[in-house]
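Please read the structure below before turning to the comments.
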Amino acid sequence: MSVSEQELDQFRVEVSAWLRENNPGDPGFLLPESFMEVGTDEQFEYLRDWQRKVYDAGYLGMSWPEEYGGGGKPQVFQDIVSQEMARQRVPFMTNTIGLNWAGPLILQQGTEEDKKKYIKGILNADDIWCQGFSEPDHGSDLGNAQVKAVKDGDDYIINGSKIWTSLGSYAKYMILLARTSNEGPSKYAGLSFFLAPMKTEGIDPQPIKKLTSEYGFCQTFFNDARIPANSIMGREGEGWQVAMATLMFERGNVGGQAGGLSMMDINVNDVLELARRSKRNGKPALEDPLIRDQMVQFLIEAKSNVLMGARTKIPALNTERPTAIAMSGKLRGSELKRRFCQFAMSLQGANGGRFISPEAVDGGKWQRIYFNSFSATIGGGTTQVQYNIMGERVLGLPKS
Amino acid sequence: MNSQISFTEEQSMLLDTAMDFCSKNSPINLVRSRTEEAQSLPSDLWLSIVELGWTGIAVPESHGGLGLSVADLVPVVEAMGRNLMASPLVWSAISANTLQLAGSEAQKSAWLSKIANGAIATMALIEPDGSWQLSEPLCNGTLKENTISLSGTKCFVQDAAFAEIVLVSILLENQPRLVLLERSAIPEHALQREVVIDETRRCYRLTLDGITVTPDQVLPETCFVEIEQTAMLLLSAEIAGGHASTLNLIVEYLKTRKQFDQYIGSYQALKHPTVDVLLGLEATRSHLYHAATVYDTGTPLEKETSLRMLKAVASEGFAFAGDRAIQFHGGFGFTYECDAQLFLRRAIFCQHQFGDETHQRAYLADTLIDN
Chain F
1 MSVSEQELDQ FRVEVSAWLR ENNPGDPGFL LPESFMEVGT DEQFEYLRDW QRKVYDAGYL
61 GMSWPEEYGG GGKPQVFQDI VSQEMARQRV PFMTNTIGLN WAGPLILQQG TEEDKKKYIK
121 GILNADDIWC QGFSEPDHGS DLGNAQVKAV KDGDDYIING SKIWTSLGSY AKYMILLART
181 SNEGPSKYAG LSFFLAPMKT EGIDPQPIKK LTSEYGFCQT FFNDARIPAN SIMGREGEGW
241 QVAMATLMFE RGNVGGQAGG LSMMDINVND VLELARRSKR NGKPALEDPL IRDQMVQFLI
301 EAKSNVLMGA RTKIPALNTE RPTAIAMSGK LRGSELKRRF CQFAMSLQGA NGGRFISPEA
361 VDGGKWQRIY FNSFSATIGG GTTQVQYNIM GERVLGLPKS
Chain Z
401 MNSQISFTEE QSMLLDTAMD FCSKNSPINL VRSRTEEAQS LPSDLWLSIV ELGWTGIAVP
461 ESHGGLGLSV ADLVPVVEAM GRNLMASPLV WSAISANTLQ LAGSEAQKSA WLSKIANGAI
521 ATMALIEPDG SWQLSEPLCN GTLKENTISL SGTKCFVQDA AFAEIVLVSI LLENQPRLVL
581 LERSAIPEHA LQREVVIDET RRCYRLTLDG ITVTPDQVLP ETCFVEIEQT AMLLLSAEIA
641 GGHASTLNLI VEYLKTRKQF DQYIGSYQAL KHPTVDVLLG LEATRSHLYH AATVYDTGTP
701 LEKETSLRML KAVASEGFAF AGDRAIQFHG GFGFTYECDA QLFLRRAIFC QHQFGDETHQ
761 RAYLADTLID N
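So this is what it looks like as structure tokens:
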């Protein structure tokens, strides 16, 4: 189906107006910055209502098939919605794991029955999804997952525990990677993938209190939990392939996501905006030459990251180490964020020492983002592991 | 904000040709032996460069050049930097560009085709106080009866002893101006070789006292902004090349040198900063080709911003790479024999020409923060 430019422009105007009118605005409490940080019922309810409202207006899952609850339109419409959402900085879609990872996976690999059962609930936020991949003893080594799944009649019996389960206490379903066998040619061959119902006896998501003193993640314990055998996705032993397909969606390597934002965008321009209204010792912070220099360093660094992205599109300028830029993306982005949050706190004088409270600058948002920024410098392979990977795989240095 | 990078098939071929030419003609042993010679580059090699057409890249077709932009020299200068090749190319090109922008028709006709054909041209902009404010020269010109008497001292005049013309910035009737000095107008004692940290370069001190010029040798216009911009662009191209080779030097040593029965590259204390050297290089090359793109197509603000960001990132990155190259070579790094010093010396020289990183960031603060 081809769409005219005119039609798209018109659509953009319409979405933009709808978002302006329906933006839920300041809730009177500090909102989380991403779907990984939803820690209170009031935050959750607020965000769930917002997702519902967006879906009801027809602005979510626009490219998903109509028969399962989607909009049946070309992807470009959803892209416009996501762009406008980012521009107007409206809250994110809380059911991210369903919308962007589990949903597209089910549409790609699930049975007709799966699609009918799960898709609509993902879109209207009736059914919240969480992910059970990481385990306490296997942070980055996903293939080594040890949670057991043993077939018993029409059920699998699950034992063990998963960690960093975002939205675990609100979720109805979990995409679960578990070990059905220790035999086979490799550790990967014994893994299977399940769409596990969370409201099951023996499944117990325990919220983890983060360094921010908030909640958002759980450790999920499985104690002889029986889940239906037909909740398996693919066949026994195919779990690793299904998990990799999920990660392709998660990392945005392939399309098919329902759309919307999954986090609040905080970037150096927000720090600049904070700097403009900050005073140090009674004088505008940006009159201090050292503050100015630091601010410019952050602006340059952010620009470097954008330009590196632009250069990856030109093979002739990436002949020597073609993967260097892509492989360092998380490292560069997460470390920049951590450091610009430190800087943001340094702009606040004595108030830099406050925390989430009405007296704090921006309600304590910068202190909280700083703390939460460690989730990206640690998660997905710590910065230090990333340095090893870069050194060994990109520069060819000997293993540490 | 503009974040474009364009790189054409032609530019890509030029980069390949230049990389090939420079690695063949500037191996590290020759780089070393050339530091002892009078000229930075042997004459026959300069002739080969002229034959390749590089001296005509930024000269208009009407004057026998290729009619491209100074930005099209970036791949060539990057390749030279990679092999520590010193040559009069950069300053000849900037001089040609300056004549094109600010010179009279007579000056252009007299010199542009000669420069395209290999005549060496250079510029005398810096003074003993080391200031980077190009449009505020202290050297003076006094006009009396159709003769301008020059006074004051210029320094860091590259390849001046071999140049057929030198474009000199002076204050003439309280206005910053450029004058064209022909080789014949410069007495031998007026040029003195300077000791600079980068031994591949030939820099001269030019004493203007006693030199006179006629008013028709004054360029009718000035273009100090463009001179600074082209210098920042091409110096950064040289830096990017040098940075890449410094990284290779470090990596090679870390892969082959053993201490405590381990390759030293297996130690994270060396491995991780080496990754920082890599990330600095990736940033510099990205800013470089972005600035080269914007140089021809961007708004004045984009041009200014991209070039200052480039010079800041490039200067800091190469200086860090050179510094770590010395350290990671251990005791050998402390010797003159170790090639790391060649790169560190190049890095420090380039860092301090046309604005170091703090200078550039102070300017950027004015445009990025105050606007």
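If you're matching them up, the sequences are chains F and Z in order.
Sequential numbering of the first sequence, starting at 1, is according to my numbering.
Sequential numbering of the second sequence, starting at 401, is according to my numbering.
Cβ atoms here follow ideal geometry from the backbone N, Cα and C, with glycine treated the same way.
* Asked: To the nearest angstrom, how far is it from the Cα of G132/F to the Cα of L191/F?
  -> As a first step, residue 132/F is located in the first sequence; it is residue number 132 there, counting from the start. As a first step, residue 191/F is located in the first sequence; it is residue number 191 there, counting from the start. When rounded, the separation of the alpha-carbon atoms in G132/F and L191/F is 13 Å.
* Asked: Looking at L195/F and S458/F, is the spacing between their C-beta atoms short of 8 Å?
  -> Residue 458/F is absent from the structure shown; chain F starts at 1 and stops at 400.
* To do: Check the Cβ-Cβ distances between S63/F and every residue of chain Z, and say whether any is below 8 Å.
  => Sequence index remark: in the first sequence, residue 63/F carries index 63 (1-based). Not closer than 8 Å to any Cβ of chain Z, the Cβ of S63/F fails to qualify, so no.
* Asked: Thinking C-alpha only, which one of K711/Z, M401/Z, V568/Z is nearest S551/Z?
  -> Stepping through the second sequence from its first residue, residue 551/Z is reached at position 151. It is V568/Z whose Cα lies nearest to the Cα of S551/Z.
* Asked: Using the beta-carbon of each residue, which ones in chain F are nearer than 9 Å to Y695/Z?
  -> Along the second sequence, read from residue 1 onward, the residue named residue 695/Z stands at position 295. The premise fails here: Y695/Z is roughly 14 Å from chain F at the closest Cβ pair, so nothing lies under 9 Å.
* Asked: Under 8 Å, do L397/F and K671/Z count as touching if we go by C-beta distance?
  -> Looking up residue 397/F in the first sequence gives position 397. Looking up residue 671/Z in the second sequence gives position 271. Cβ distance < 8 Å, so L397/F and K671/Z count as in contact.
* Asked: If you measure from the CB of I639/Z, is any heavy atom of the ligand GTP nearer than 7 Å?
  -> Judged by which ligands are present, the structure shown has none, so any question about the ligand GTP falls away.
* Nearest residue (CA-CA) to M485/Z, options R434/Z, V713/Z, P576/Z, Q751/Z -> As a position in the second sequence, residue 485/Z is number 85, starting the count at 1. The shortest C-alpha separation from M485/Z is found at R434/Z.
* Closer than 8 Å, CB to CB, is V296/F near chain Z or not? -> In the first sequence, counting from the first residue as 1, residue 296/F sits at position 296. So, interface residue.
* Length of the line joining the Cα atoms of G364/F and M264/F -> Within the first sequence, numbered from 1, the residue matching residue 364/F stands at position 364. Within the first sequence, numbered from 1, the residue matching residue 264/F stands at position 264. Those two C-alpha atoms are separated by around 15 Å.
* Whose C-beta lies closer than 6 Å to the C-beta of P620/Z among residues of the same chain, with five residues either side of it excluded? -> By 1-based counting over the second sequence, the position of residue 620/Z is 220. Closer than 6 Å at the Cβ level, and outside the excluded window around P620/Z, lie S504.
* Asked: For L543/Z, is the classification buried or exposed, using 16 other Cβ atoms within 10 angstroms of its Cβ as the cut-off for buried?
  -> Here residue 543/Z corresponds to residue number 143 of the second sequence, with the count starting at 1. Result: exposed.
* Inter-residue Cα distance where the pair is K554/Z and G380/F -> On the second sequence, residue 554/Z is found 154 positions in, with the first residue counted as 1. On the first sequence, residue 380/F is found 380 positions in, with the first residue counted as 1. Looking at the two C-alpha atoms, the distance is approximately 56 Å.
* To do: Mark T699/Z as exposed unless 16 or more other C-beta atoms lie within 10 angstroms of its C-beta, in which case mark it buried.
  => For the purposes of this step, residue 699/Z is taken as residue 299 along the second sequence, with counting starting at 1. Around the beta-carbon of T699/Z, fewer than 16 other beta-carbon atoms lie within 10 Å, marking it exposed.
* To do: Could you tell me if H690/Z is buried or exposed, where buried requires 16 or more neighbouring beta carbons within 10 angstroms of its beta carbon?
  => For the purposes of this step, residue 690/Z is taken as the residue at position 290 of the second sequence. Flag for H690/Z reads buried.
* To do: Would you mind telling me which residues of chain Z sit closer than 8 Å to S400/F, beta carbon to beta carbon, in chain order?
  => Numbered from 1 along the first sequence, position 400 holds the residue referred to as residue 400/F. For S400/F, the residues of chain Z that pass the 8 Å Cβ criterion are S666, Y667, Q668, K671, in the order they occur in the chain.
* Bounding residues of the beta strand (DSSP E) (the contiguous stretch that carries I389/F) -> Within the first sequence, the letter at position 389 stands for residue 389/F. Run containing I389/F: none in the beta strand (DSSP E); it sits in the alpha helix (DSSP H), 383-389.
* How many angstroms separate the CA atom of F221/F from the CA atom of G160/F? -> As a working mapping, residue 221/F is identified with position 221 in the first sequence. As a working mapping, residue 160/F is identified with position 160 in the first sequence. Rounded to whole angstroms, F221/F to G160/F spans 6 Å at the Cα level.
* Taking Cβ positions, are A493/Z and V470/Z nearer each other than 8 Å? -> As a position in the second sequence, residue 493/Z is number 93, starting the count at 1. As a position in the second sequence, residue 470/Z is number 70, starting the count at 1. Cβ distance < 8 Å, so A493/Z and V470/Z count as in contact.
* Asked: Does any CB atom of chain F fall closer than 8 Å to the CB of M632/Z?
  -> Taking the first residue of the second sequence as position 1, residue 632/Z is located at position 232. No, M632/Z does not count as interfacial toward chain F.
* To do: Kindly indicate if chain Z contains any beta-carbon less than 8 Å away from that of G396/F.
  => Translated into positions along the first sequence, residue 396/F becomes position 396. Yes, because at least one Cβ of chain Z sits closer than 8 Å to the Cβ of G396/F.
* Could you check what DSSP says for M264/F in three-state terms: helix, strand or coil? => Residue 264/F sits at position 264 when you count from the first residue of the first sequence. Annotated three-state conformation of M264/F is coil, per DSSP.
* Asked: For A683/Z, which residues of its own chain have a beta-carbon under 6 Å away from its beta-carbon, when the five flanking residues on both sides are left out?
  -> As a first step, residue 683/Z is located in the second sequence; it is residue number 283 there, counting from the start. Beyond the five residues adjoining it in sequence on each side, A683/Z comes within less than 6 Å, by CB distance, of V713 in the same chain, given in chain order.
* Asked: Using a C-beta to C-beta distance shorter than 8 Å, which residues of chain F count as neighbours of Y689/Z?
  -> Locating residue 689/Z in the second sequence gives position 289, counting from the first residue. Going along chain F in sequence order, the residues near Y689/Z (Cβ under 8 Å) are R311, I314, L317.
* Asked: Do you know offhand how far V675/Z's Cα is from R321/F's?
  -> If you number the second sequence from 1, residue 675/Z lands on position 275. If you number the first sequence from 1, residue 321/F lands on position 321. Going from the Cα of V675/Z to the Cα of R321/F covers about 12 Å.
* 8 Å Cβ cutoff, M327/F in contact with chain C -> In the structure shown, chain C cannot be found, because the protein chains are F and Z.
* Contacts that Q404/Z makes with chain F (C-beta to C-beta distance below 8 Å) -> As a first step, residue 404/Z must be located in the second sequence, where it is residue number 4. Those within 8 Å of Q404/Z in chain F are A310.
* When we look at the beta-carbon of S34/F and count the other beta-carbons within 10 Å, is it buried (16 or more) or exposed? -> Within the first sequence, residue 34/F is the residue found at index 34, counting from 1. Here S34/F is buried. Its C-beta has 16 or more other C-beta atoms within 10 Å.
* Output, in chain order, the set of chain F residues within a Cβ distance shorter than 9 Å of I769/Z. => Here residue 769/Z is taken as the residue at index 369 of the second sequence, counted from 1. The contacting residues are L272, A275, R276, L286, R292, M295, V296, L299.
* Supposed close pair E461/Z, G467/Z - CB separation, criterion 8 Å -> Within the second sequence, the letter at position 61 stands for residue 461/Z. Within the second sequence, the letter at position 67 stands for residue 467/Z. That belief holds up - the Cβ atoms of E461/Z and G467/Z are roughly 4 Å apart, short of 8 Å.
* To do: Quick one: give me the first and last residue of the beta strand (DSSP E) that R226/F is part of.
  => Within the first sequence, residue 226/F is the residue found at index 226, counting from 1. R226/F -> beta strand (DSSP E) spans 217-228.
* Please name the residue in R226/F, D154/F, A243/F whose C-alpha comes closest to that of L176/F. => Position 176 of the first sequence, counted from the first residue, corresponds to residue 176/F. Checking every option, the nearest Cα to that of L176/F belongs to A243/F.
* Report yes or no: is there a C-beta of chain Z within less than 8 Å of the C-beta of G391/F? => Position 391 of the first sequence, counting from 1, holds the residue named residue 391/F. So yes, G391/F belongs to the interface.
* Return yes when the Cβ of S334/F is within less than 8 Å of the Cβ of S373/F, no when it is not. => Taking the first sequence and counting its residues from 1, one reaches residue 373/F at position 373. Taking the first sequence and counting its residues from 1, one reaches residue 334/F at position 334. Contact: yes.
* To do: Using the Cα positions of M327/F and M390/F, report the straight-line distance between them to the nearest angstrom.
  => Numbered from its first residue, the first sequence carries residue 327/F at position 327. Numbered from its first residue, the first sequence carries residue 390/F at position 390. When only Cα atoms are considered, M327/F and M390/F end up about 7 Å apart.
* To do: Counting only the same chain and skipping the five closest in sequence on each side, list residues whose C-beta sits under 7 Å from that of V3/F.
  => Along the first sequence, read from residue 1 onward, the residue named residue 3/F stands at position 3. Same-chain partners within the cutoff: P74, V76.
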